[in-house]
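Asks:
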Amino acid sequence: MLAGRPLWWHGARAAAKLVPAAQVLVLHQGDLDAAAREPMAGWLREVGITRLVAGGATRQESVSAGVAASGDADVLLVHDAARPLISTTSIERLLESLAHLDAALLAQPVTATLQEIDAAGRITATPDRKCMRLAATPQGARAGVLREALAAAARDGLDFTDEAALLRHYGVAVHVVEDSALNFKITTPEDLRLARALMETPRSGFGFDIHRLVPGGPLRLGGIDVPAEVHLLGHSDGDAVLHAVIEGLLGAAGLPDIGEHFPDTDPALRGIDSRALLRRTIEELRGLGHAPAQVDVTIIAEKPRLGPWKAEMKAALAELLALPGDRVAVKARTHEGVDALGRGEAISVHALVSLKPA
Ligand code: MG
């Protein structure tokens, strides 16, 4: 999933702007059933795909299945679902080239120096990168040319890892069309992180909490113990700063509120250190692919005066959230004597939180 849609959807959307209703989605046999149900059915409607076929054991078999379902198209393009950042402009350039070429694929210039190595990792040659390209997709051809090559490979029992290799084997000249480096292939978890950083709207959440002040110190707030004659009343340790931060984190991830996550009817949570609740929340978010990116906290407290403790709270929060100091702010102010907050009956906290891909 990327930005709330499957990887294949992004490439399909880029192509749908040029060739509406002309796409065939090749899926694993086991995924065909799911395609008839929501949410998959809705995603298919969004990009105008009505033709679905089961793929085979190899890329070549899957491509053959897709080509067989492609109707009477003049030109065929084969795209990897694992390249979701393909642009409509690149597809358009490829299609233009196929108006006068038999076969072409998108390819990227090589910007790093290439080293050829032996089994021991020793460099044996330095090929001229100006003569090298990174093959990407879509790879395209005149429909008849690709159909013929696929039939020949099936007849000859040959299997090729991409269409360019297949076509070249059967004597077809394949040209490259300049592609953007953003059309990279998602192979490793790092690739997915990079794609998410590029594609996903920043997530932010707002948190608020208020707890009544009662006699007896110390005051547990912002993950530290502030020496005071009062403390915050709560089922847990009453740390309103951490609760507001947790609410912000949950909100940014689109999850239910802290009351639903950590109900005050749960005896296991009685008197619990809110730092443990925050760690659990961060763990849950990590499972969804999110990590804290920034936290901004405002504490409203008439008493005690928190000025001398802000730096320590900031350091505690930065450590809990695994963030550098310039991504955490803790501000404290009074309520100017107004209302119950101003009479020192309670402390309230507002927190703004943002997330990044984990
Ligand atoms: Mg609370």
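Numbering (our numbering), first residue to last: 129 to 486.
Even glycine gets a Cβ: it sits at the ideal position worked out from N, Cα and C.
Remember, it's a predicted structure, so these values are computed and weren't measured experimentally.
Which runs of the beta strand (DSSP E) at least 3 residues long sit entirely within the stretch 166-237? Give them in chain order.
Replies: Fully enclosed beta strand (DSSP E) runs of 3 or longer: 179-182, 203-206 and 231-237.
Asks: Rounded to the nearest angstrom, what separates E306 and L234 at their Cα positions?
Replies: Here residue 306 refers to the residue found at position 178 when the sequence shown is read from its first residue. Here residue 234 refers to the residue found at position 106 when the sequence shown is read from its first residue. If I take the Cα positions, the gap works out to 6 Å.
Asks: In the DSSP assignment, what residue or residues form a beta bridge with L406?
Replies: Position 278 of the sequence shown, counted from the first residue, corresponds to residue 406. In the DSSP output, where bridge partners are listed per residue, L406 has none listed.
Asks: Exposed or buried, T409, counting other C-beta atoms within 10 Å across all chains shown (16 or more means buried)?
Replies: Counting from 1 along the sequence shown, the entry for residue 409 is found at position 281. With 16 or more Cβ atoms within 10 Å of its Cβ, T409 is classed as buried.
Asks: Considering only the beta carbon of each residue, do P485 and A325 sit closer than 8 Å?
Replies: Counted from its first residue, the sequence shown places residue 485 at position 357. Counted from its first residue, the sequence shown places residue 325 at position 197. Yes, these two residues count as a Cβ contact at 8 Å.
Asks: Would the stretch 417-428 and the stretch 438-450 be scored as touching if the rule is three or more Cβ pairs under 8 Å?
Replies: Short answer: they touch.
Asks: Using the beta carbon as the reference atom, which residues fall closer than 6 Å to any heavy atom of the ligand MG, ordered along the chain?
Replies: Those satisfying the condition are, in chain order, D337, H339, G362, A368 and H371.
Asks: For G422, which residues does DSSP report across the bridge?
Replies: Position 294 of the sequence shown, counted from the first residue, corresponds to residue 422. Residue identity check: residue 422 is Gln in the sequence provided, not Gly. In DSSP, Q422 forms a bridge with S482.
Asks: Going by DSSP, what residues sit across from P346 in a beta bridge?
Replies: Taking the first residue of the sequence shown as 1, we reach residue 346 at position 218. DSSP output for P346 lists no bridge partner at all.
Asks: Let's see if you can read the secondary structure: which residues bound the beta strand (DSSP E) around H303?
Replies: The count along the sequence shown starts at 1 and reaches residue 303 at position 175. H303 -> beta strand (DSSP E) spans V302 to E306.
Asks: Following the continuous beta strand (DSSP E) through G272, name the residue where it begins and the one where it ends.
Replies: As a first step, residue 272 must be located in the sequence shown, where it is residue number 144. Unbroken run through G272 is the alpha helix (DSSP H), A271 to D284; no beta strand (DSSP E).
Asks: Below 8 Å on the Cβ atoms is my contact criterion, and I expect A269 with D230 to pass it. Report the Cβ-Cβ distance as a whole number of Å.
Replies: Your numbering for residue 269 matches position 141 in the sequence shown. Your numbering for residue 230 matches position 102 in the sequence shown. Right, their Cβ atoms sit about 6 Å apart.
Asks: Using three-state DSSP, classify E244 as helix, strand or coil.
Replies: As a first step, residue 244 must be located in the sequence shown, where it is residue number 116. E244: strand per DSSP, three-state reduction.
Asks: Okay, do the stretch 353-360 and the stretch 165-173 touch, 3+ Cβ pairs below 8 Å being the bar?
Replies: Taking 8 Å as the limit for Cβ pairs, the verdict is that the stretch 165-173 does not touch the stretch 353-360.
Asks: Taking L274 as the reference, give the member of Q188, I352 and L222 with the closest Cα.
Replies: To locate residue 274, count along the sequence shown from 1; it is residue 146. Among Q188, I352 and L222, the Cα nearest to that of L274 is on Q188.
Asks: Below 8 Å on the Cβ atoms is my guess for H478 versus F390; work out the distance and round it to an integer in Å.
Replies: For the purposes of this step, residue 478 is identified with residue 350 of the sequence shown, where counting begins at 1. For the purposes of this step, residue 390 is identified with residue 262 of the sequence shown, where counting begins at 1. Contact doesn't hold; Cβ gap of about 20 Å is too wide.
Asks: Helix, strand or coil for I400, going by three-state DSSP, please let me know.
Replies: For this step, residue 400 is matched to residue 272 along the sequence shown. The answer is coil: DSSP assigns I400 none of H, G, I, E or B.
Asks: Between G333, R407 and R165, which lies nearest to P384 when the distance is taken from Cα to Cα?
Replies: The sequence position of residue 384 within the sequence shown is 256, counting from 1. It is G333.
Asks: What number of angstroms, rounded off, separates the C-alpha of R296 from the C-alpha of V302?
Replies: Your numbering for residue 296 matches position 168 in the sequence shown. Your numbering for residue 302 matches position 174 in the sequence shown. Spanning the two alpha carbons is a distance of roughly 7 Å.
Asks: May I ask which residues mark the beginning and end of the alpha helix (DSSP H) holding K438?
Replies: Locating residue 438 in the sequence shown gives position 310, counting from the first residue. That run of the alpha helix (DSSP H) goes K438 to L449.
Asks: Determine the direct distance from the alpha carbon of A163 to that of A281, and round the result to whole angstroms.
Replies: In the sequence shown, the residue the question calls residue 281 occupies position 153. In the sequence shown, the residue the question calls residue 163 occupies position 35. Distance between the alpha carbons of A281 and A163: 30 Å.
Asks: Quick one: Cα of P266 to Cα of Q151, how far?
Replies: Translated into positions along the sequence shown, residue 266 becomes position 138. Translated into positions along the sequence shown, residue 151 becomes position 23. Rounded to the nearest angstrom, the two C-alpha atoms are 13 Å apart.
Asks: Sort G435, L449 and A144 by Cα distance to I219 and report the nearest one.
Replies: As a working note, residue 219 is residue 91 in the sequence shown. For the residues G435, L449 and A144, the minimum Cα distance to I219 belongs to A144.
Asks: When DSSP labels each residue in this structure, what does R257 get in the three-state scheme?
Replies: Your numbering for residue 257 matches position 129 in the sequence shown. Looking at R257 - three-state DSSP - the assignment turns out to be helix.
Asks: If we ignore side chains and look at the alpha-carbon of each, how far apart do S225 and E244 end up?
Replies: Reading the sequence shown from its first residue, position 97 is the one you call residue 225. Reading the sequence shown from its first residue, position 116 is the one you call residue 244. In a straight line, the C-alpha of S225 is about 32 Å away from that of E244.
Asks: Does the separation of the CB atoms of L411 and H463 fall below 8 Å?
Replies: By one-based count along the sequence shown, residue 411 stands at place 283. By one-based count along the sequence shown, residue 463 stands at place 335. Sequence check: residue 411 is Glu here, not Leu. Their beta carbons are not under 8 Å apart, which means E411 does not touch H463 by this criterion.
Asks: Please report the distance separating the alpha-carbon of A263 from that of L160.
Replies: In the sequence shown, residue 263 corresponds to position 135, counting from 1. In the sequence shown, residue 160 corresponds to position 32, counting from 1. Their backbone Cα atoms lie some 29 Å apart in a straight line.
Asks: How would you label P212, buried or exposed, when you count the other beta carbons within 10 angstroms and need 16 or more for buried?
Replies: Residue numbering aside, residue 212 sits at position 84 when the sequence shown is read from its first letter. When all chains shown are included, P212 counts as buried.
Asks: Comparing alpha-carbon positions, which option in L370, A140, R331 and R283 lies nearest A404?
Replies: On the sequence shown, position 276 is the one that residue 404 refers to. The shortest Cα separation from A404 among L370, A140, R331 and R283 belongs to L370.
Asks: Residues in its own chain within less than 8 Å of A457 by CB, not counting five upstream and five downstream?
Replies: For the purposes of this step, residue 457 is taken as residue 329 along the sequence shown, with counting starting at 1. Cβ within range, chain order: V423, D424, V425 and K442.
Asks: Please state the DSSP three-state secondary structure of P266.
Replies: Mapped onto the sequence shown, residue 266 falls at position 138. In the structure shown, P266 sits in a strand (DSSP, three-state: E or B).
Asks: In chain order, which continuous runs of the alpha helix (DSSP H) of length 4 or greater are located wholly inside the stretch 347-380?
Replies: Fully enclosed alpha helix (DSSP H) runs of 4 or longer: 368-380.
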